[in-house]
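Here is the structure we will look at.
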Amino acid sequence: MTDSFPENQPRKTIGFVGTFDVANYGDCLFPVVYMHLLSQSIAGLEFSFYSPLARSAEIMDYGPVKALPATVPQIAFDEDALILCGGETLWFGHSSGTFNFHKSTLSSYLRLWLTPCVAASRAQVDFYVHSVGMPRADLDAPAEIAEVLGAATMVSVRDEVTATRLGNRFPVEVDPVFSLSNMKSQEEWQTEARQWLPVDYNFGKYLVAQVSMPYLNNGLQEWCEQVALTAKNHDLPILLVPICHFMDDRYNLKEARSILIELGIAENRVCLPPLASKDVIATAALLGMSAGVITSSLHACVTAVSFGVPFAGFVGNGKADGKHRQTLLAAGVNYGMAMEIGDLAQIFADSSNQDCAIQQSLAIERSMKGLMPLVEGLRHDRRASSPLQQTTIDAMLFHDKRPTRHLRLEFKRTILRWANKSHFLAGLLVARRRARMRRKTA
9 MTDSFPENQP RKTIGFVGTF DVANYGDCLF PVVYMHLLSQ SIAGLEFSFY
59 SPLARSAEIM DYGPVKALPA TVPQIAFDED ALILCGGETL WFGHSSGTFN
109 FHKSTLSSYL RLWLTPCVAA SRAQVDFYVH SVGMPRADLD APAEIAEVLG
159 AATMVSVRDE VTATRLGNRF PVEVDPVFSL SNMKSQEEWQ TEARQWLPVD
209 YNFGKYLVAQ VSMPYLNNGL QEWCEQVALT AKNHDLPILL VPICHFMDDR
259 YNLKEARSIL IELGIAENRV CLPPLASKDV IATAALLGMS AGVITSSLHA
309 CVTAVSFGVP FAGFVGNGKA DGKHRQTLLA AGVNYGMAME IGDLAQIFAD
359 SSNQDCAIQQ SLAIERSMKG LMPLVEGLRH DRRASSPLQQ TTIDAMLFHD
409 KRPTRHLRLE FKRTILRWAN KSHFLAGLLV ARRRARMRRK TA
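Following the numbering used here, the residues of the sequence shown are numbered contiguously, the last one being 450.
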């Protein structure tokens, strides 16, 4: 229930912090879901956005996006509260992550969570870290991460593995995107999906398939065989829906379409939606109105659960304890994850035998319960935290500059940083990646 908003009372401003400049469905969906859920509970909220590169990805237009502080002395925020929402954000290092910044400044990770924590420790702003995770579960987490997070107003993580790595100092709360389907009525979702579906595709009678190449390790042919088998077993046409646009999904799925046709799928039964469907709400509608989803994307799996449709998620490299499975387990979903490409058809069949409607209700209930501490915190005045020790900040800055991987990848990331400033270099890298993929599928 939404609070009534008294006239002449200053509105509370909420700044969302995240990687909203990455053209990835999950990253760009977070603030959309949070805005909807928080506005339902609290009247009079105004929203702003912060991301590492201070821009919106092309799959969602938020309007102006502010830059996160690049150094500790530059830390300043105008909002009443900040919310770090989504993804594998609790980490460090210039040699890891999607963005690439010079080592004279903070890495994208520390821009996302250390700078707001420092501001919160100085009582400049409330900072809520809500249902977030850590990458690379095989790496030890420095104790300074939990120490810095202790300065935030409130912290929760999205899975038990992250909680354990942070010394079990923070509770697990379910990803709010599990509540996505409640943003619109069934009729509204169908109206959205109808704009992008092929004319002969019907609601609940097509298979969505998506994969990003880094998950496959040269296995596109085998992945297509599993998708084709699933489509034939369930008598479903296929809709190839790009999710990770920054990984060139659309081009990769065009290659997959050619392979699927070679495997005996009729041309009119394997399609890609129009390019304009890359908007996150359009993508959500295409996923939610399907008969089921095969994907390598965590938030495509989350969307499937939210809409109560079966799914098979491929985690890549057999990562049983990775972000996909752990995020789903927190919501009570203990099915749908394939450890090997060759398991996808059977995993989808098993998922189809689940009571997806019951799992949908449970996941939504848990996600809404996990949102309530955040809502209650935002309803109250700022709570000042104790200042962070400079030694803790300095230790985190030291970790940030220390190479987290080997020299070849360090060099590659430097090239990528240059490419981020040059359309020509970026084009060369894309062409190289596509040529490599063609060789692998030949």
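For each residue, glycine too, the CB sits at the ideal point set by N, CA and C.
Can you give, in chain order, each stretch of the beta strand (DSSP E) that sits fully within the segment 305-379 and has at least 3 residues? 319-322
Straight-line gap, Pro537 to Cys252 (C-alpha atoms, nearest Å): Given that the chain is displayed from residue 9 to residue 450, the structure contains no residue 537 and the question cannot be resolved.
For a test of the three-state rule: what should DSSP assign to Asn32, helix, strand or coil? Residue numbering aside, residue 32 sits at position 24 when the sequence shown is read from its first letter. DSSP places Asn32 in strand when its eight states are reduced to three.
Roughly how many angstroms lie between the CA atoms of Ser360 and Pro245, to the nearest whole one? By one-based count along the sequence shown, residue 360 stands at place 352. By one-based count along the sequence shown, residue 245 stands at place 237. Whole-angstrom Cα-Cα distance: 16 Å.
With a threshold of 16 other CB atoms inside 10 Å of the CB of Gly34, please say whether the residue is buried or exposed. Taking the sequence shown and counting its residues from 1, the one referred to as residue 34 is at position 26. Burial call: buried.
What residue from Trp204, Gln397, Thr21, Leu174 has the CA that sits closest to Lys286's CA? Taking the first residue of the sequence shown as 1, we reach residue 286 at position 278. Selected option, being the one with the closest Cα: Trp204.
Nonlocal neighbours in the same chain, by C-beta distance under 7 Å from Asp408, ignoring five residues either side: Within the sequence shown, residue 408 is the residue found at index 400, counting from 1. Here the set comprises Phe100, Gly101, His102, Leu114, Ser115, Leu118.
Considering only residues of the same chain and omitting the five flanking positions on each side of Val288, which have a CB-CB separation below 7 Å? Along the sequence shown, read from residue 1 onward, the residue named residue 288 stands at position 280. Taken in chain order, the residues that qualify are Tyr33, Cys36, Leu37, Val40, Ile67, Met68.
Quick one: complete alpha helix (DSSP H) runs, 4+ long, within the segment 110-170? 116-129, 151-157
Does DSSP put Tyr70 in a helix, a strand or coil? Numbered from its first residue, the sequence shown carries residue 70 at position 62. The answer is coil: DSSP assigns Tyr70 none of H, G, I, E or B.
Can you name, in chain order, every residue of its own chain whose Cβ lies under 7 Å from the Cβ of Pro179, other than the five neighbours on each side? On the sequence shown, residue 179 is found 171 positions in, with the first residue counted as 1. Counting only Cβ-Cβ distances below 7 Å, and skipping sequence neighbours, we find Ser164.
To the nearest angstrom, how far is it from the Cα of Ala290 to the Cα of Gln398? For the purposes of this step, residue 290 is taken as the residue at position 282 of the sequence shown. For the purposes of this step, residue 398 is taken as the residue at position 390 of the sequence shown. Between Ala290 and Gln398, the C-alpha separation is close to 46 Å.
Need the endpoints of the beta strand (DSSP E) that Glu54 sits in, please. The residue labelled residue 54 in the question sits at position 46 within the sequence shown. First-last of the beta strand (DSSP E) with Glu54: 53-59.
What residue from Thr161, Ala357, Arg166 has the CA that sits closest to Asp243's CA? Working through the sequence shown from its first residue, we reach residue 243 at position 235. Asp243 has its Cα closest to that of Ala357, out of Thr161, Ala357, Arg166.
Extent of the continuous alpha helix (DSSP H) run through Gly296: Numbered from 1 along the sequence shown, position 288 holds the residue referred to as residue 296. Its alpha helix (DSSP H) spans residues 288-296.
Just mark Phe319 as buried or exposed, buried being the case when its beta carbon has 16 or more other beta carbons within 10 Å. In the sequence shown, residue 319 corresponds to position 311, counting from 1. Buried: at least 16 other Cβ atoms inside 10 Å.
Between Gly344, Glu96, Met43, which lies nearest to Gly105 when the distance is taken from Cα to Cα? Taking the first residue of the sequence shown as position 1, residue 105 is located at position 97. Answer by Cα proximity: Glu96.
Within 8 Å, strictly: CB atoms of Leu92 and Val137: Here the question's residue 92 lines up with position 84 in the sequence shown. Here the question's residue 137 lines up with position 129 in the sequence shown. Result yes, Cβ atoms of Leu92 and Val137 sit closer than 8 Å.
Could you give the C-beta distance for Val133 and Leu90, rounded to a whole number, given that I count them as a contact under 8 Å? Translated into the one-based positions of the sequence shown, residue 133 becomes position 125. Translated into the one-based positions of the sequence shown, residue 90 becomes position 82. Confirmed, about 6 Å.
Between the segment 335-347 and the segment 161-176, do three or more beta carbon pairs fall short of 8 Å? yes
Ala154 to Lys20 span [Cα, whole Å]: Against the sequence shown, residue 154 aligns to sequence position 146. Against the sequence shown, residue 20 aligns to sequence position 12. The alpha-carbon atoms of Ala154 and Lys20 are separated by roughly 28 Å.
Val185 beta carbon less than 8 Å from that of Val310: Locating residue 310 in the sequence shown gives position 302, counting from the first residue. Locating residue 185 in the sequence shown gives position 177, counting from the first residue. In this structure, Val185 lies closer than 8 Å to Val310 by Cβ.
Tell me the residue span of the alpha helix (DSSP H) that contains Ala50. Here residue 50 is taken as the residue at index 42 of the sequence shown, counted from 1. Ala is not the amino acid found at residue 50; the sequence shown has Ile there. Unbroken run through Ile50: none, as it is neither H nor E.
Ordered along the chain, which non-local residues of its own chain (more than five positions away) have a Cβ less than 6 Å from that of Ile355? Counted from its first residue, the sequence shown places residue 355 at position 347. Excluding residues within five positions, the ones whose Cβ falls inside 6 Å are Ala320, Ala346.
Over the uninterrupted alpha helix (DSSP H) stretch that includes Cys2, give me the two end residues. A question about residue 2 goes unanswered here, because the residues of the chain that appear run from 9 up to 450.
Locate the beta strand (DSSP E) running through Ala89, then write down its first and last residues. In the sequence shown, counting from the first residue as 1, residue 89 sits at position 81. Unbroken beta strand (DSSP E) run through Ala89: 89-93.
Rounding to the nearest angstrom, what Cα-Cα distance links Ala6 and Ile273 in this structure? As displayed, the chain neither begins before 9 nor continues past 450, which places residue 6 out of reach and without an answer.
Cα-Cα separation, Gly158 to Ala149: Here residue 158 is taken as the residue at index 150 of the sequence shown, counted from 1. Here residue 149 is taken as the residue at index 141 of the sequence shown, counted from 1. Cα to Cα, the separation comes out at about 15 Å.
Rounded straight-line distance, which links the Cα of Ala236 to that of Gly326: For the purposes of this step, residue 326 is taken as residue 318 along the sequence shown, with counting starting at 1. For the purposes of this step, residue 236 is taken as residue 228 along the sequence shown, with counting starting at 1. With a pLDDT of 44 at Gly326, under the threshold of 50, the predicted position of this residue should be treated as unreliable, and no value is reported.
Leaving out five residues on either side along the sequence, give the residues of the same chain with a beta carbon under 6 Å from the beta carbon of Gly212. Within the sequence shown, numbered from 1, the residue matching residue 212 stands at position 204. Excluding sequence neighbours, Gly212 sits near Ala299.
Inter-residue CB distance, Leu53 and Leu61 (contact presumed, cutoff 8 Å): Within the sequence shown, the letter at position 45 stands for residue 53. Within the sequence shown, the letter at position 53 stands for residue 61. Not quite, the Cβ-Cβ distance comes to about 25 Å (not below 8 Å), so this is no contact.
Could you give the DSSP three-state label for Phe211: helix, strand or coil? For this step, residue 211 is matched to residue 203 along the sequence shown. Phe211 falls in the coil class under three-state DSSP.
Taking its Cβ as the centre, do 16 or more other Cβ atoms sit within 10 Å of Lys331, making it buried, or is it exposed? The residue you call residue 331 lines up with position 323 of the sequence shown. When all chains shown are included, Lys331 counts as buried.
Kindly indicate the opening and closing residues of the beta strand (DSSP E) around Phe24. Start at 1 with the first residue of the sequence shown, and residue 24 comes out as number 16. First-last of the beta strand (DSSP E) with Phe24: 20-25.
Given this structure, state the Cα-to-Cα distance separating Ser305 from His388, to the nearest angstrom. In the sequence shown, counting from the first residue as 1, residue 305 sits at position 297. In the sequence shown, counting from the first residue as 1, residue 388 sits at position 380. So the two alpha carbons sit approximately 36 Å from each other.
By DSSP's criteria, Leu247 is part of a beta bridge. Which residues make up the other side? Taking the first residue of the sequence shown as position 1, residue 247 is located at position 239. The partner list for Leu247 (beta bridge, DSSP) reads Val216, Cys279.
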